[in-house]
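Protein chains in written order, with this note's numbering: chain A, 1 to 490; chain B, 491 to 920.
Contents: one structure, followed by commentary.
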């Protein structure tokens, strides 16, 4: 990563008359009449004018101000920033997907549908579910899809009073937001001091108005919900369904399947557990799996197998609806599928335990200097409640920013909301011991420095391309386009 | 490592997982494949896919991808980064999202763009939710029947949760029936009106005065437009629309059997706090340097939870780099040329198909852009035509009915391609 700021926007490099395209000069014969004047654009858009080499250098230089998994360690809790093997990217090109139009006849896209169907089956095996749809575009979209399946299920049974969804107070923000979009009211259930769900509190909230209980297991503090068999029984007895937020599935690979834990509906973030790149925020994929008996409610379109083995696209009458224009972020499936094939059954079985080992190794190596609010082995991630030494005023935010100077991405901070100074670390299984040791050494150095020279830590980062951007100003007087920026002269 | 964790085996770290839940045997999945084996596997997959000469559209268009774009999108500094929550080490991502927002605002003629939605259909659904959330206590949404069916189905799905009533404005001769629209709006309680441009049949509709009519009933006008055509057609801003949304795949993104594409969502400044999803804003850092950060996060799920404007978290991320880079390379001039070529190709193809004497335009008196609905004249049927073309490796269009198809053309279609398509149809004369 280049630590000097490359500050240009592509607009800044615009020079009148420059172009970067290569278009044919086809003559289609008889000139087509023009569109009526009032249907045509009145003023051309103000876009940059730039040649290809200048544009390529612009984005190359800009990329040097960015930090990816390929740049360095990315211990971002709940985000599962594992290494993205390059073969996954290569597989997209090999599979001959690029020119396929979504609406071309199914007999000409059997390869694409084969990837969809085989991946769907592999996820069903890993999740312990009957069937998956791959259509949702991201994890939150998967949650929404899963909740709509649940809504449809209750309605099909004439159980219309179930309009509320229970969500733990430690849940990812997407859980309550997705439930709200699906038309449910939210009921929050408390956490115990060890971060697990308060079963007595849950029990008191389960009644005939509850459609579903959303959980992630391990939960967002990295603890396995031991009470899950009991919880599943309680939830089902109350007539509700149990939803599994698959954001934390990684440590369960090789250990246990959500279906066997009693979950009815789940989503998987392919961009987390199955190693597809996060792309600075997307595209992801949020496949949704259901237990037997709920398949018919999955959204359209569906990919199904005919008796002769060929694949078809169906629109089921009982589906709750449609969540996108076609089958979702297709190339992401190829990447995830390539990952599953290259690891194979035996290596997938090792993913969870190694991710958990790495997390525990870091936790035990730092808990003398950082406050560990929850005892016991964690799973893929754990939370510190800031530094042990609280006298210095050095906060989690300061520690996170100090890490940037040492070439590490910051952990997730101030989430979950259970602790004031949450610092959530998830190393994943793809990090080597030397990397973990270097990170531990740096975290220790920062902690010691926080006690000796707190102001030094508080003013970090020092070596990043920018430092201490004024986020309050950005929100108070939003400048979100180049046109506004020119008017304000930033 | 285990020793430091106070464990002797990896299993010790899972002592809290009840034995009854533990996997007793490995996943029933294949053994690991090496890279050469994977290459063979995916080559076999590729052999079951067929590349066709594409005249299909229906919302997804086969435009050219400048070679520089995939090369830059593969840069792992961009590709393997997370959401730019740490602006100090994410200026690359933040800069291109800011560029993308700026360019989409320019294209739509509106003030604000967010940092992307999943696809054109979900972007339109979010636009519907924005309208309902910004107009108090109104629960009706009017949708033109000329909006793509897939988009209408996604709208219906998203309307169910919040209890929005969607009513379809009928079409007349391939365009939205204005009289019906005014009557439906006049019945009151309408939060927003959704129309498309070009519409599903490729027709460029005349929305003159629609925005004023909507605004006089305190409803928002939402326009669903194919991003590329915004370079040539009167923009949503110029029509007076409040929100523009839709599919940006037409900005040179490979078809990729449906994705990843890019939903865009733009609006007027007064709606910014109702906008779903991420927004990048400019500011300065401690040394006065121009910097970019995620902003107005109080709208989003990780802060507001169930009260957020949307549940969206991951969006289409790096596809906004594609869009920004594409628009930078093309510029207004390149985009105009792409549109002119596509327009001319589609009109030449329509003429050639009609000249066979076996087809006629479904809406001959309506102006179309790069796509048109065309009917087969008996005894020719849509299925027979599509099948004959497929035999020659041509995807002649998308079936609308037994006797009509939707046909599109772009700068990727040469005059020879068009002649081949017309010849193939002509050969069915016997």
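Glycine included, C-beta positions come from ideal geometry on N, C-alpha and C.
Quiz item: If we ignore side chains and look at the alpha-carbon of each, how far apart do residue 98 of chain A and residue 746 of chain B end up?
Solution: As a first step, residue 98 of chain A must be located in the first chain, where it is residue number 98. As a first step, residue 746 of chain B must be located in the second chain, where it is residue number 256. Cα to Cα, residue 98 of chain A sits roughly 4 angstroms from residue 746 of chain B.
Exercise. Taking only runs that begin and end inside the region 93-150 of chain A, name each unbroken beta strand (DSSP E) of 3 or more residues, in chain order.
Key: Those beta strand (DSSP E) runs which fall completely within the region 93-150 of chain A and span 3+ residues are 131-133.
Quiz item: What are the boundary residues of the alpha helix (DSSP H) that includes residue 648 of chain B?
Solution: On the second chain, position 158 is the one that residue 648 of chain B refers to. That run of the alpha helix (DSSP H) goes 639-650.
Quiz prompt | Host alpha helix (DSSP H) of residue 526 of chain B (start-end) | solution = Along the second chain, one-based indexing puts residue 526 of chain B at 36. Taken as a continuous stretch (DSSP letters only), the alpha helix (DSSP H) holding residue 526 of chain B covers 525-537.
Quiz item: Straight-line CA distance for residue 9 of chain A to residue 175 of chain A?
Solution: Along the first chain, read from residue 1 onward, the residue named residue 9 of chain A stands at position 9. Along the first chain, read from residue 1 onward, the residue named residue 175 of chain A stands at position 175. Each residue's Cα considered, the two are about 36 angstroms apart.
Exercise. For the region 110-121 of chain A, enumerate the residues whose C-beta is nearer than 8 angstroms to any C-beta of chain B, in chain order.
Key: Only those residues of the region 110-121 of chain A whose C-beta falls short of 8 angstroms from the nearest C-beta of chain B are listed: 110, 111, 112, 114, 115.
Quiz item: Are the C-beta atoms of residue 84 of chain A and some chain B residue less than 8 angstroms apart?
Solution: What you label residue 84 of chain A is simply residue 84 of the first chain in a count that begins at 1. True, the Cβ-Cβ gap to chain B drops below 8 angstroms.
Exercise. Find the residues of chain B that neighbour residue 174 of chain A, judging by a C-beta separation of less than 7 angstroms, and give them in chain order.
Key: Counted from its first residue, the first chain places residue 174 of chain A at position 174. Correct list: 791, 801, 803.
Quiz prompt | Coil, strand or helix - residue 687 of chain B by DSSP | solution = For the purposes of this step, residue 687 of chain B is identified with residue 197 of the second chain, where counting begins at 1. Looking at residue 687 of chain B - three-state DSSP - the assignment turns out to be strand.
Quiz item: In terms of residue numbering, what span does the beta strand (DSSP E) encompassing residue 359 of chain A cover?
Solution: Numbered from 1 along the first chain, position 359 holds the residue referred to as residue 359 of chain A. First-last for residue 359 of chain A: 330-366, but that is the alpha helix (DSSP H), not the beta strand (DSSP E).
Quiz prompt | Alpha-carbon spacing of residue 364 of chain A relative to residue 227 of chain A, whole angstroms | solution = Residue 364 of chain A sits at position 364 when you count from the first residue of the first chain. Residue 227 of chain A sits at position 227 when you count from the first residue of the first chain. Taking C-alpha positions only, residue 364 of chain A is separated from residue 227 of chain A by approximately 25 angstroms.
Quiz item: Under 8 angstroms Cβ-Cβ, which residues of chain B neighbour residue 356 of chain A?
Solution: As a working note, residue 356 of chain A is residue 356 in the first chain. By Cβ distance, chain B contributes 500, 503, 504.
Self-check item: Whether residue 789 of chain B touches residue 773 of chain B by CB criterion (8 angstroms)
Solution: Walking along the second chain from the start, residue 789 of chain B turns up at place 299. Walking along the second chain from the start, residue 773 of chain B turns up at place 283. Between residue 789 of chain B and residue 773 of chain B, the CB-CB gap reaches or exceeds 8 angstroms.
Practice problem: Jot down the residue ranges of each uninterrupted alpha helix (DSSP H) in the region 816-887 of chain B, minimum 4 residues, whole runs only, in chain order. | Solution: Counting only unbroken stretches of 4 or more residues, the alpha helix (DSSP H) elements lying wholly within the region 816-887 of chain B are 872-881, in sequence order.
Quiz item: Excluding five sequence neighbours on each side, which residues of the same chain lie with their C-beta closer than 6 angstroms to the C-beta of residue 250 of chain A?
Solution: Locating residue 250 of chain A in the first chain gives position 250, where the first residue counts as 1. 80, 273, 355, 380, listed in sequence order.
Exercise. Could you tell me whether the region 563-580 of chain B touches the region 460-467 of chain A, where touching means 3 or more Cβ pairs closer than 8 angstroms?
Key: The answer is yes - the region 460-467 of chain A touches the region 563-580 of chain B, with three or more Cβ pairs under 8 angstroms.
Quiz item: Can you tell which of B:647, B:703, B:663, B:698 has its C-alpha closest to the C-alpha of residue 674 of chain B?
Solution: On the second chain, position 184 is the one that residue 674 of chain B refers to. When each option's Cα is compared against that of residue 674 of chain B, the closest is B:703.
Quiz prompt | Endpoints, beta strand (DSSP E) assigned at residue 757 of chain B | solution = For the purposes of this step, residue 757 of chain B is identified with residue 267 of the second chain, where counting begins at 1. Residues 753-757.
Practice problem: Go through the region 743-813 of chain B residue by residue and report every complete run of the beta strand (DSSP E) that reaches 3 residues or more, in order. | Solution: The region 743-813 of chain B contains these whole beta strand (DSSP E) runs: 753-757, 770-774, 780-784.
Self-check item: Local Cβ density within 10 Å of residue 269 of chain A, reported as buried at 16 or more and exposed below that
Solution: If you number the first chain from 1, residue 269 of chain A lands on position 269. So residue 269 of chain A counts as buried.
Quiz prompt | Residues that residue 827 of chain B contacts on chain A, provided the C-beta gap is smaller than 8 angstroms | solution = Within the second chain, residue 827 of chain B is the residue found at index 337, counting from 1. Correct list: 21, 23.
Quiz prompt | residue 565 of chain B: contacting residues in chain C (beta-carbon distance under 8 angstroms) | solution = In the displayed structure, chain C is absent; the protein chains listed are A and B.
Self-check item: Through-space distance from residue 417 of chain A to residue 205 of chain A, alpha-carbon basis
Solution: Taking the first chain and counting its residues from 1, one reaches residue 205 of chain A at position 205. Taking the first chain and counting its residues from 1, one reaches residue 417 of chain A at position 417. Inter-residue distance for residue 205 of chain A and residue 417 of chain A is about 21 angstroms (C-alpha atoms, whole angstroms).
Quiz item: If contact means a Cβ-Cβ distance below 8 angstroms, which residues of the region 188-200 of chain A contact chain B?
Solution: Here the close residues number zero.
Exercise. Out of A:282, A:265, A:397, A:247, point me to the one whose CA is closest to residue 426 of chain A's CA.
Key: As a first step, residue 426 of chain A must be located in the first chain, where it is residue number 426. Measuring from the Cα of residue 426 of chain A, the nearest candidate turns out to be A:247.
Quiz item: Can we count residue 784 of chain B as close to the ligand NAP, meaning its CB is less than 7 angstroms from some heavy atom?
Solution: With respect to the ligand NAP, the structure offers nothing, as it holds no ligand at all.
Quiz item: Mind checking residue 225 of chain A: buried by the 16 CB within 10 Å criterion, or exposed?
Solution: By one-based count along the first chain, residue 225 of chain A stands at place 225. By the Cβ-count criterion, residue 225 of chain A is buried, with 16 or more other Cβ atoms from all chains shown falling within 10 Å of its own Cβ.
Quiz item: Closest to residue 23 of chain A by CA distance: which of B:705, B:556, B:508, B:512 is it?
Solution: Translated into positions along the first chain, residue 23 of chain A becomes position 23. The shortest C-alpha separation from residue 23 of chain A is found at B:556.
Quiz item: Cα separation between residue 115 of chain A and residue 494 of chain B?
Solution: As a first step, residue 115 of chain A is located in the first chain; it is residue number 115 there, counting from the start. As a first step, residue 494 of chain B is located in the second chain; it is residue number 4 there, counting from the start. Pairing residue 115 of chain A with residue 494 of chain B, the inter-Cα distance amounts to about 42 angstroms.
Self-check item: First through last residue of the alpha helix (DSSP H) which encompasses residue 905 of chain B
Solution: In the second chain, counting from the first residue as 1, residue 905 of chain B sits at position 415. Per DSSP, residue 905 of chain B is one residue of the alpha helix (DSSP H) stretching across 905-916.
Self-check item: Interface flag, residue 819 of chain B vs chain A, CB-CB below 8 angstroms
Solution: Working through the second chain from its first residue, we reach residue 819 of chain B at position 329. Yes, because at least one Cβ of chain A sits closer than 8 angstroms to the Cβ of residue 819 of chain B.
Quiz prompt | Outcome for residue 591 of chain B when other beta-carbon atoms lying within 10 angstroms are tallied against a minimum of 16 | solution = Your numbering for residue 591 of chain B matches position 101 in the second chain. Answer is buried; the Cβ neighbour count reaches 16.
Quiz item: Who are the Cβ neighbours of residue 242 of chain A in its own chain at under 8 angstroms, not counting the five residues just before and after it?
Solution: In the first chain, counting from the first residue as 1, residue 242 of chain A sits at position 242. 212, 213, 215, 231, 232, 235, 236, 262, 263, 264, 265, listed in sequence order.
Quiz item: Would residue 861 of chain B count as contacting chain A if we go by Cβ distances under 8 angstroms?
Solution: Position 371 of the second chain, counting from 1, holds the residue named residue 861 of chain B. Residue contact with chain A for residue 861 of chain B: absent (no Cβ-Cβ distance below 8 angstroms to any residue of chain A).
Quiz item: Do residue 721 of chain B and residue 45 of chain A come within 8 angstroms of each other at the CB atom, strictly closer than that value?
Solution: Looking up residue 45 of chain A in the first chain gives position 45. Looking up residue 721 of chain B in the second chain gives position 231. At a Cβ-Cβ threshold of 8 angstroms, residue 45 of chain A and residue 721 of chain B count as neighbours.
Practice problem: Could you work out which residue in B:760, B:750, B:692, B:691 is closest to residue 710 of chain B when comparing CA atoms only? | Solution: In the second chain, residue 710 of chain B corresponds to position 220, counting from 1. When only C-alpha atoms are compared, the closest one is B:760.
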